[in-house]
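Chemist: The structure that follows is given in the form of structure tokens.
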Amino acid sequence: MFRCVLITALGLSCAVSAGAQALAQQPFLKRNFPATALRGDIQFLNPPQIELNGKPTQLSPGSRIRSVNNMLVLSGSLTGQQTKVHYTLDDLSQQVKDVWILRPEEAAVNPWPRTLLEAQTWRFDTLSQRWTKP
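For what it's worth, my numbering labels the leading residue of the sequence shown as 3, then goes sequentially.
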């Protein structure tokens, strides 16, 4: 009976390991960004302080930062790093609310608005995740 449990446990272990390996080898899934997402360059300072496009600001309380693999990361683990991102602003405080650290293929999608005025005057197709200028 012990052998059956051991073999079953090993079989399960092997299956879990194979599943994790298969997930790691899959290409990244396409992320859908909201129409309110702007593109910018963020340098992470001491949380919640950041520099957004060279100007000091901060992350809003409850802000979410997603890494290139779409996993949530803490701002403290990014201190000192500078990266290209999509971000949204909190409606009331105008602090940075949501951040997506961009993969190279996402950063290559152009045009993408960098200001609220551009986002208000350009058109966004949510299915293709493409902006068009008027």
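C-beta: ideal position from N, C-alpha, C; glycine also. Since we're looking at a predicted model, the values are computed, not measured.
1) Using the DSSP secondary-structure output, state which residues sit across from Asp92 in a beta bridge.
2) Are the beta-carbon atoms belonging to Ser77 and Pro50 less than 8 angstroms from one another?
3) Within a Cβ cutoff of 6 angstroms, which residues of the same chain sit near Leu80, ignoring the five residues on either side of it in sequence?
4) Determine, using beta carbons only, whether Arg132 and Trp102 come nearer to each other than 8 angstroms.
5) Which residue wins for smallest C-alpha separation from Asn112, given the options Leu94, Ser62, Phe126?
6) Rounded C-beta distance between Ala110 and Lys86? I'm assuming under 8 angstroms.
7) Residues in its own chain within less than 7 angstroms of Arg72 by CB, not counting five upstream and five downstream?
8) Which residues bound the beta strand (DSSP E) around Leu54?
Modeler: Let's see:
1) None, per the DSSP bridge assignment.
2) yes
3) Phe46
4) no
5) Phe126
6) The pair is not a contact, with the Cβ atoms about 10 angstroms apart (cut-off 8 angstroms).
7) The question names Arg, but residue 72 in the sequence shown is Asn. Excluding sequence neighbours, Asn72 sits near Arg33.
8) DSSP places Leu54 in the uninterrupted beta strand (DSSP E) bounded by 51-54.
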